[in-house]
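Undergrad:
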Amino acid sequence: MLVACLLGVTTIVAADAVAHAQSKTERDMARALMDEGDAKVEKKDFAGALRAYRAAHAIMGVPSTGIEVARTEEKLGHLVEAHKAALEVANIPVKPGEPKPFTEAREAAKQLAVQIESRIPRLTVVVRGVPESAPVEVKIDGALLPSEAARAAQPVNPGKHEVSAAATGLPPVSKEIEIAEAQRLQVTLALGDAAASDDGSDNPGRRLSPLVYVGFGVGGAGLIAGAVTGALSLSRAGTVKDLCPAGTCPTQAALDEATPVNDSAKTLANVSNVAFALAVVGVGVGVAGIFLSGGEPKKSPETTSVRLQFGPTGIGLVGRF
9 MLVACLLGVT
19 TIVAADAVAH
29 AQSKTERDMA
39 RALMDEGDAK
49 VEKKDFAGAL
59 RAYRAAHAIM
69 GVPSTGIEVA
79 RTEEKLGHLV
89 EAHKAALEVA
99 NIPVKPGEPK
109 PFTEAREAAK
119 QLAVQIESRI
129 PRLTVVVRGV
139 PESAPVEVKI
149 DGALLPSEAA
159 RAAQPVNPGK
169 HEVSAAATGL
179 PPVSKEIEIA
189 EAQRLQVTLA
199 LGDAAASDDG
209 SDNPGRRLSP
219 LVYVGFGVGG
229 AGLIAGAVTG
239 ALSLSRAGTV
249 KDLCPAGTCP
259 TQAALDEATP
269 VNDSAKTLAN
279 VSNVAFALAV
289 VGVGVGVAGI
299 FLSGGEPKKS
309 PETTSVRLQF
319 GPTGIGLVGR
329 F
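In my numbering, the protein residues as written are 9 to 329.
Below, the structure written as structure tokens:
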């Protein structure tokens, strides 16, 4: 804390030697504001520190006050503002005989600007449904973009943003997005007739693999078939138990009647086991399909169907892929 205070005093003393235009009252006020900013940084109150540093820089306008504004903007995640502030400090003209803290602050600002620039996300807004020459209002977080820059990639801070577009005679559209540091993101906004056919996707190359539909289709069909055949097997087994209590048939007629029912129960039990096994495999294929989904063309669920077919010789898988 003592070091921070000494740096603050050194900064203002150096500024006093150069900025003769400021009155003593203004310099004293700037010194107090810098001390206040340093104290708030110690407490991690970066928003409060930024207000104090901005006020001090508005009075002095020297590199050693401006660099603290840039550094605090960066701590708050305001990368666009931090980059702009750092460039402004780096471009403050060098004055003959200026103190060493000014030179050091200017060099630190140049390095900070370079380091921040690669971290700034870029957002491109594409508007569909209107002629390219038609005037369109594009806004990011309510701020209107200049028409000549609306189609170019815009630097934004990491985090959530609201993007909107409007054109004469068409209802406006908006979308909330989230962007990470260094990310390059394209957002599509559809106006007019294009809005009706918009699928809401900003990444048309990302499509679900057909394995998802096939796998989960098989899994669902296998689960249903296993449950149905399992229930029928239990029902047939119950019938055999009724005809032959304790596993012993009292008469030849009961034995003749129970034998085919018992065979049917065993067959259904086997079919149920196979169906449940197919269900497990199908779900596994579906999950694998999700992870393997990529740029392949999307298939709608209507074009992919799977069903289990039962016959006198066993169970089969029938589908259209």
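Ideal placement from N, C-alpha and C gives every residue a C-beta, glycine not left out.
Going by DSSP, name the residue or residues bridged to Gly167.
TA: For this step, residue 167 is matched to residue 159 along the sequence shown. Looking at the DSSP assignment, Gly167 forms a beta bridge with Ile187.
Undergrad: Tell me whether the segment 141 to 157 and the segment 109 to 129 touch, counting them as touching only if at least three CB pairs, one residue from each stretch, are closer than 8 angstroms.
TA: Flag = no, the segment 141 to 157 and the segment 109 to 129 do not touch.
Undergrad: Assuming Pro71 and Val49 make a contact with CB atoms under 8 angstroms, what is their CB distance in whole Å?
TA: Position 63 of the sequence shown, counted from the start, is the residue given in the question as residue 71. Position 41 of the sequence shown, counted from the start, is the residue given in the question as residue 49. Rounded, the Cβ-Cβ distance is 18 angstroms, inconsistent with contact.
Undergrad: With respect to the alpha helix (DSSP H) encompassing Thr33, which residues constitute its N-terminal and C-terminal limits?
TA: Counting from one through the sequence shown, the residue named residue 33 turns up at place 25. Residues Lys32 to Glu50.
Undergrad: Taking only three categories from DSSP, how would you classify Gly213?
TA: The count along the sequence shown starts at 1 and reaches residue 213 at position 205. In this prediction, Gly213 scores a pLDDT of 45, lower than 50, which makes its location untrustworthy; no coordinate-derived value is stated.
Undergrad: Count the other C-beta atoms from every protein chain shown that fall within 10 angstroms of the C-beta of Pro109, then say buried if there are 16 or more, exposed otherwise.
TA: Stepping through the sequence shown from its first residue, residue 109 is reached at position 101. Buried is the call here.
Undergrad: Would you call the CB atoms of Val2 and Ala157 closer than 8 angstroms?
TA: No statement about residue 2 is possible, as the shown extent of the chain runs from 9 to 329 and does not include it.
Undergrad: Need the endpoints of the alpha helix (DSSP H) that Leu120 sits in, please.
TA: By 1-based counting over the sequence shown, the position of residue 120 is 112. Here the alpha helix (DSSP H) through Leu120 covers Lys108 to Glu125.
Undergrad: Using the C-alpha atoms, what's the distance from Thr196 back to Ile115?
TA: Indexing the sequence shown from 1 puts residue 115 at position 107. Indexing the sequence shown from 1 puts residue 196 at position 188. First, the residue type needs correcting, since residue 115 is Glu and not Ile in the sequence shown. Between Glu115 and Thr196, the C-alpha separation is close to 40 angstroms.
Undergrad: With 16 other CB atoms within 10 Å as the buried threshold, where does Val226 fall?
TA: Locating residue 226 in the sequence shown gives position 218, counting from the first residue. Classification for Val226: buried.
Undergrad: On the criterion of 16 or more Cβ atoms from any shown chain inside 10 Å, does Glu76 qualify as buried, or is it exposed?
TA: Counting from 1 along the sequence shown, the entry for residue 76 is found at position 68. Flag for Glu76 reads buried.
Undergrad: Please report the distance separating the alpha-carbon of Lys168 from that of Ala188.
TA: Numbered from its first residue, the sequence shown carries residue 168 at position 160. Numbered from its first residue, the sequence shown carries residue 188 at position 180. Using only the alpha carbons, I get a separation of about 9 angstroms.
Undergrad: Does the Cβ of Lys103 have 16 or more other Cβ atoms within 10 Å, making it buried, or fewer, making it exposed?
TA: Counting from one through the sequence shown, the residue named residue 103 turns up at place 95. Burial call: exposed.
Undergrad: Are the Cβ atoms of Leu87 and Ile124 separated by less than 8 angstroms?
TA: Here residue 87 refers to the residue found at position 79 of the sequence shown. Here residue 124 refers to the residue found at position 116 of the sequence shown. Yes, they are a contact pair.
Undergrad: Mapping DSSP to helix, strand and coil, what is Glu89?
TA: As a position in the sequence shown, residue 89 is number 81, starting the count at 1. Helix, per DSSP.
Undergrad: Helix, strand or coil: which one does DSSP assign to Glu145?
TA: Position 137 of the sequence shown, counted from the start, is the residue given in the question as residue 145. Here Glu145 sits in strand by DSSP.
Undergrad: What first and last residue would you give for the alpha helix (DSSP H) that runs through Arg79?
TA: On the sequence shown, position 71 is the one that residue 79 refers to. Taken as a continuous stretch (DSSP letters only), the alpha helix (DSSP H) holding Arg79 covers Pro71 to Lys83.
Undergrad: Less than 8 angstroms between the CB atoms is what I'm expecting for Gly200 and Val289, so what's the real figure, rounded?
TA: By one-based count along the sequence shown, residue 200 stands at place 192. By one-based count along the sequence shown, residue 289 stands at place 281. Not quite, the Cβ-Cβ distance comes to about 47 angstroms (not below 8 angstroms), so this is no contact.
Undergrad: I need the straight-line Cα distance from Cys13 to Ile67, nearest angstrom please.
TA: Position 5 of the sequence shown holds residue 13. Position 59 of the sequence shown holds residue 67. Unreliable placement is indicated for Cys13, whose pLDDT of 48 sits below 50; no coordinate value is reported for it.
Undergrad: Compare the C-alpha of Val164 against each of Ala239, Ala90, Arg59 and Asn278 and name the closest.
TA: In the sequence shown, the residue the question calls residue 164 occupies position 156. Minimum Cα distance to Val164 is reached at Ala90.
Undergrad: Can the beta-carbon of Leu120 be found less than 8 angstroms from the beta-carbon of Ala151?
TA: Counting from 1 along the sequence shown, the entry for residue 120 is found at position 112. Counting from 1 along the sequence shown, the entry for residue 151 is found at position 143. It is not a contact, given that the beta carbons lie outside the stated cut-off.
Undergrad: Leaving out the 5 sequence neighbours to the left and right, which residues in its chain are closer than 6 angstroms to Ala174 when beta-carbon positions are compared?
TA: Along the sequence shown, read from residue 1 onward, the residue named residue 174 stands at position 166. Glu145 and Pro180.
Undergrad: Excluding sequence positions up to five away, which residues of its chain have a Cβ less than 7 angstroms from the Cβ of Ala57?
TA: Position 49 of the sequence shown holds residue 57. Gly45, Lys48, Val49 and Thr80, listed in sequence order.
Undergrad: For Pro154, does the count of other Cβ atoms within 10 angstroms reach 16, so buried, or fall short, so exposed?
TA: Against the sequence shown, residue 154 aligns to sequence position 146. Exposed is the call here.
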